[in-house]
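For the sequence shown, our numbering begins at 2 and goes up steadily by one.
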Amino acid sequence: MNLFDTIVAPITGTEPAAVAVVRVSGQQSYAVAAKVFAPWHEPIEARKALYGTFAHGDDGIALPFAEGHSYTGEATVEFSVHGSRASVRSLVDACLAAGARLAEPGEFTRRSFMNGRLDLTQAEGVRETIESETDAQLRLANALRGGDLKREVAALRERTLQVAAGIEASVDFPDEIGEFDRDAAISTLVGVRESVRALLATAKLGAIVRTGYRIAILGQPNAGKSSLLNALMGTDRAIVTDIPGTTRDTLEERLDLGGVPCVVTDTAGLRDSHDPIERMGIERSHRAEASADLVWYVVDAAKGLDDEDRNHLARLGERAWLILTKCDLAKGDGRGFHVSAKTGAGLEALRRAVAERAGLGSTEGRWLAINDRHADHLREADARLAEAVETLDSGLPVDLASIHLQSAAMELGTITGETATLDLIDRVFRDFCVGK
2 MNLFDTIVAP
12 ITGTEPAAVA
22 VVRVSGQQSY
32 AVAAKVFAPW
42 HEPIEARKAL
52 YGTFAHGDDG
62 IALPFAEGHS
72 YTGEATVEFS
82 VHGSRASVRS
92 LVDACLAAGA
102 RLAEPGEFTR
112 RSFMNGRLDL
122 TQAEGVRETI
132 ESETDAQLRL
142 ANALRGGDLK
152 REVAALRERT
162 LQVAAGIEAS
172 VDFPDEIGEF
182 DRDAAISTLV
192 GVRESVRALL
202 ATAKLGAIVR
212 TGYRIAILGQ
222 PNAGKSSLLN
232 ALMGTDRAIV
242 TDIPGTTRDT
252 LEERLDLGGV
262 PCVVTDTAGL
272 RDSHDPIERM
282 GIERSHRAEA
292 SADLVWYVVD
302 AAKGLDDEDR
312 NHLARLGERA
322 WLILTKCDLA
332 KGDGRGFHVS
342 AKTGAGLEAL
352 RRAVAERAGL
362 GSTEGRWLAI
372 NDRHADHLRE
382 ADARLAEAVE
392 TLDSGLPVDL
402 ASIHLQSAAM
412 ELGTITGETA
422 TLDLIDRVFR
432 DFCVGK
């Protein structure tokens, strides 16, 4: 990848639309624009839209951006053209013929990172914004893209480096600086560690929101499990009959429940069966149960709980919620969640409860949760900080603590990209799509 090339790619979706946007970025972007769009007269006024005709005959808008004031930080032109596949393809081909090359996946955002417009966490936020499917995912992505994590990590790194600088100054200039204040340094580093661990505590919420909260629907045959899934989806996804044992396999669907992306698995009814196919389905039910973050144990409210239901609930413990279905036909005894797949009663309360259980109910306006990459480096930074504190507290030479602090600062800088290796940067941008 040559970051000095002028690059081009559509930045809108590939499906036909009323309008599509094609971006050209790089030192020769204005020269490319002059060959594919008319009228184009130098000098160009940045951020002033021009209406004209493209080389392939379509008409539309050219919007130029000056170097340092575009998404990539480079001189850029964004063309708005009619969004047919043919028109977009023809415009891109004309730009290629004019000297641009096709952008690689994530190359626009990578250039933005390399030019200091974004840090690595904000670049990840761009990708997560594009991929978000629920409100919770979008809010986490916006927090990353807006620089919330960047600012927190940068502040922790700065405090760490200040202590390291104080140590080095006391070693290099003992007469001028005097004895290093170990107690003050330890107090500062303990505070940094507390902040690091507070960020680490958001990893669970981040994993849930990014990859999905796994819910298994369990219960005896004909309890209303499949009907509950259909009601939440708003479509007849699972087959429902009055015949016990209709569901013989697991059915997995992704749902947005209270803003939480959930992977909900409908399962075969739990009972003793001599049917080998049904028994295979029941085995899969238990596997779904084992991998679930939460189990909905479904009982027909009209029939109530029997001993088998109570045994299953006791075995599942706090991981299980009792869901009483068909509450439009019968009243329960007040326990669990009362829902009706037919009328929709109780479903919204169930969605809100899932959001609360997943951790979204306690965000209190703070939408910041780290991902696995951030967690790895934060754990390493915390370990190095702990070693520095131990070194200072034990009376060992202070310059030994400085080594640990430099390592901690390196880990924190890797999160934002200040000290990241080229291999890591490649891995971050590897999953981007063309046009971003």
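C-beta: ideal position from N, C-alpha, C; glycine also. On a predicted model such as this, the values are computed, not experimentally measured, just so you know.
Check whether the region 401-418 touches the region 95-109, taking contact to mean three or more Cβ pairs, one atom from each stretch, closer than 8 Å. Contact annotation: the region 401-418 does not touch the region 95-109, with fewer than three C-beta pairs closer than 8 Å.
Measuring only the C-alpha atoms, how far is L379 from G414? Residue numbering aside, residue 379 sits at position 378 when the sequence shown is read from its first letter. Residue numbering aside, residue 414 sits at position 413 when the sequence shown is read from its first letter. L379 and G414: Cα-Cα distance of roughly 10 Å.
In terms of residue numbering, what span does the alpha helix (DSSP H) encompassing V210 cover? As a first step, residue 210 is located in the sequence shown; it is residue number 209 there, counting from the start. Per DSSP, V210 belongs to the alpha helix (DSSP H) from 204-212.
Do Q123 and L141 have their beta-carbon atoms positioned less than 9 Å apart in this structure? Taking the first residue of the sequence shown as 1, we reach residue 141 at position 140. Taking the first residue of the sequence shown as 1, we reach residue 123 at position 122. With a cutoff of 9 Å on beta-carbon distance, L141 and Q123 are scored as not near each other.
Whole alpha helix (DSSP H) elements within the region 288-336, 4-residue minimum: Segments of the alpha helix (DSSP H) lying fully in the region 288-336: 308-317.
Using the three-state DSSP reduction, which class does S30 fall into: helix, strand or coil? Mapped onto the sequence shown, residue 30 falls at position 29. The answer is helix: DSSP assigns S30 an H, G or I state.
I8 - partner residues in DSSP beta bridges: Within the sequence shown, the letter at position 7 stands for residue 8. Within the DSSP bridge table, the entry for I8 names S26, R102 as partners.
Cβ neighbour criterion (16 or more within 10 Å) applied to F181: Here residue 181 is taken as the residue at index 180 of the sequence shown, counted from 1. The residue in question, F181, is buried, as its Cβ has 16 or more Cβ neighbours within 10 Å.
Alpha carbon to alpha carbon, how far is G207 from A389? Give it in angstroms, no decimals. Residue mapping note: residue 389 aligns to position 388 of the sequence shown, counting from 1. Residue mapping note: residue 207 aligns to position 206 of the sequence shown, counting from 1. When rounded, the distance between both Cα atoms is 29 Å.
Quick one: what's got a C-beta closer than 8 Å to C434's C-beta in the same chain, skipping five residues either side? For the purposes of this step, residue 434 is taken as the residue at position 433 of the sequence shown. Within the same chain, and ignoring the five residues on either side of C434 in sequence, the residues whose Cβ sits closer than 8 Å to its Cβ are P106, G107, I131.
Closest by CA to S71, which one among R215, E419, L200, V25? Position 70 of the sequence shown, counting from 1, holds the residue named residue 71. Taking the Cα of S71 as reference, the smallest distance to any Cα among R215, E419, L200, V25 is reached at V25.
Between G126 and R211, what straight-line distance do the alpha-carbon atoms span, to the nearest angstrom? Mapped onto the sequence shown, residue 126 falls at position 125. Mapped onto the sequence shown, residue 211 falls at position 210. Each residue's CA atom was taken as its position, placing G126 and R211 some 12 Å apart.
In the structure shown, what three-state DSSP assignment does I371 receive? Position 370 of the sequence shown, counting from 1, holds the residue named residue 371. I371 sits in coil when the DSSP states are folded into three classes, being neither helix nor strand.
The alpha helix (DSSP H) that contains G259, what's its start and end? By 1-based counting over the sequence shown, the position of residue 259 is 258. No alpha helix (DSSP H) contains G259, which DSSP labels as neither H nor E.
Note down the Cα distance separating H57 from F114, rounded to an integer number of angstroms. Against the sequence shown, residue 57 aligns to sequence position 56. Against the sequence shown, residue 114 aligns to sequence position 113. Straight-line Cα distance between these residues: approximately 33 Å.
Nearest neighbour of V340, chosen from A354, L330, L325 [CA to CA]: The residue you call residue 340 lines up with position 339 of the sequence shown. Closest option to V340, Cα to Cα, is L325.
Would you please state the rounded distance, in angstroms, between the beta carbons of Q28 and A76? I believe it to be under 8 Å. On the sequence shown, position 27 is the one that residue 28 refers to. On the sequence shown, position 75 is the one that residue 76 refers to. Rounded to whole angstroms, the Cβ separation of Q28 and A76 is 6 Å, and the two are in contact under 8 Å.
Per DSSP, cross-strand counterpart(s) of E79: Here residue 79 is taken as the residue at index 78 of the sequence shown, counted from 1. BP columns for E79 point to R24, L64.
Can you tell me whether I244 is helix, strand or coil according to DSSP? Along the sequence shown, one-based indexing puts residue 244 at 243. Per-residue confidence for I244 stands at a pLDDT of 47, beneath the threshold of 50, marking its modelled position as unreliable; no derived number is given.
Whole-number beta carbon distance between G235 and R353, since they are thought to touch under 8 Å: Locating residue 353 in the sequence shown gives position 352, counting from the first residue. Locating residue 235 in the sequence shown gives position 234, counting from the first residue. R353 to G235, Cβ: 17 Å. No contact.
Less than 9 Å between the beta carbons of L233 and V265, yes or no? Start at 1 with the first residue of the sequence shown, and residue 233 comes out as number 232. Start at 1 with the first residue of the sequence shown, and residue 265 comes out as number 264. Taking 9 Å as the Cβ cut-off, L233 and V265 qualify as a contacting pair.
List the residues that DSSP assigns as beta-bridge partners of H339. What you label residue 339 is simply residue 338 of the sequence shown in a count that begins at 1. The partner list for H339 (beta bridge, DSSP) reads L325.
Residue range of the unbroken beta strand (DSSP E) whose run includes F55: Walking along the sequence shown from the start, residue 55 turns up at place 54. Counted as a single uninterrupted DSSP element, the beta strand (DSSP E) harbouring F55 occupies residues 51-55.
Taking the straight line between their C-alpha atoms, what separation do you get for H287 and R255? In the sequence shown, residue 287 corresponds to position 286, counting from 1. In the sequence shown, residue 255 corresponds to position 254, counting from 1. Rounded to the nearest angstrom, the two C-alpha atoms are 19 Å apart.
Could you pull out every residue in the same chain whose Cβ sits closer than 8 Å to the Cβ of G360, ignoring the five residues on either side in sequence? On the sequence shown, position 359 is the one that residue 360 refers to. K205, L206, I209, listed in sequence order.
Out of G69, T7, A10, S81, state which residue places its alpha-carbon closest to the alpha-carbon of A18. Position 17 of the sequence shown, counting from 1, holds the residue named residue 18. Out of G69, T7, A10, S81, S81 has the C-alpha closest to the C-alpha of A18.
Using the three-state DSSP reduction, which class does A217 fall into: helix, strand or coil? In the sequence shown, counting from the first residue as 1, residue 217 sits at position 216. Strand at A217.
Buried or exposed for L121, please, with buried defined as at least 16 other CB atoms from any protein chain shown within 10 angstroms of its CB. Locating residue 121 in the sequence shown gives position 120, counting from the first residue. Per the 10 Å Cβ criterion, buried.
What does a CB cutoff of less than 8 Å around V191 pick up in its chain, not counting 5 residues either side in sequence? Locating residue 191 in the sequence shown gives position 190, where the first residue counts as 1. Closer than 8 Å at Cβ, skipping near neighbours: V390.
Taking DSSP as the reference, what is the three-state secondary structure of L252? Position 251 of the sequence shown holds residue 252. DSSP places L252 within a strand segment (E or B) once states are collapsed to three.
By alpha-carbon positions, which one of E159, L51, L4 ends up nearest to T110? As a first step, residue 110 is located in the sequence shown; it is residue number 109 there, counting from the start. The option with the nearest alpha carbon to T110 is L4.
Short of 7 Å in beta carbon distance, which residues of its chain neighbour I244, apart from the five on each side in sequence? Order them along the chain. The count along the sequence shown starts at 1 and reaches residue 244 at position 243. Note that I244 scores 47 on pLDDT, short of 50, meaning its location in the model is unreliable; the coordinates nonetheless yield the value given after this. Excluding five sequence positions before and after I244, none of the CB atoms of its chain fall closer than 7 Å to its own CB.
Assuming D294 and R385 form a contact by the criterion Cβ under 8 Å, report the distance between their Cβ atoms to the nearest whole angstrom. By 1-based counting over the sequence shown, the position of residue 294 is 293. By 1-based counting over the sequence shown, the position of residue 385 is 384. With 8 Å as the limit, D294 and R385 do not qualify as a contact, their Cβ atoms being about 32 Å apart.
Between V355 and L323, is the Cβ-Cβ spacing less than 9 Å? Taking the first residue of the sequence shown as 1, we reach residue 355 at position 354. Taking the first residue of the sequence shown as 1, we reach residue 323 at position 322. In this structure, L323 does not lie closer than 9 Å to V355 by Cβ.
With a 10 Å radius around its C-beta and 16 neighbouring C-beta atoms as the bar for buried, classify T135 as buried or exposed. Here the question's residue 135 lines up with position 134 in the sequence shown. The residue in question, T135, is buried, as its Cβ has 16 or more Cβ neighbours within 10 Å.
Beta-carbon within less than 6 Å of D310's beta-carbon, same chain only, minus the 5 sequence neighbours each way: which residues are those? Here residue 310 refers to the residue found at position 309 when the sequence shown is read from its first residue. Apart from the 5 residues on each side of it in sequence, D310 sits with its Cβ closer than 6 Å to the Cβ of V300 in its chain, given in chain order.
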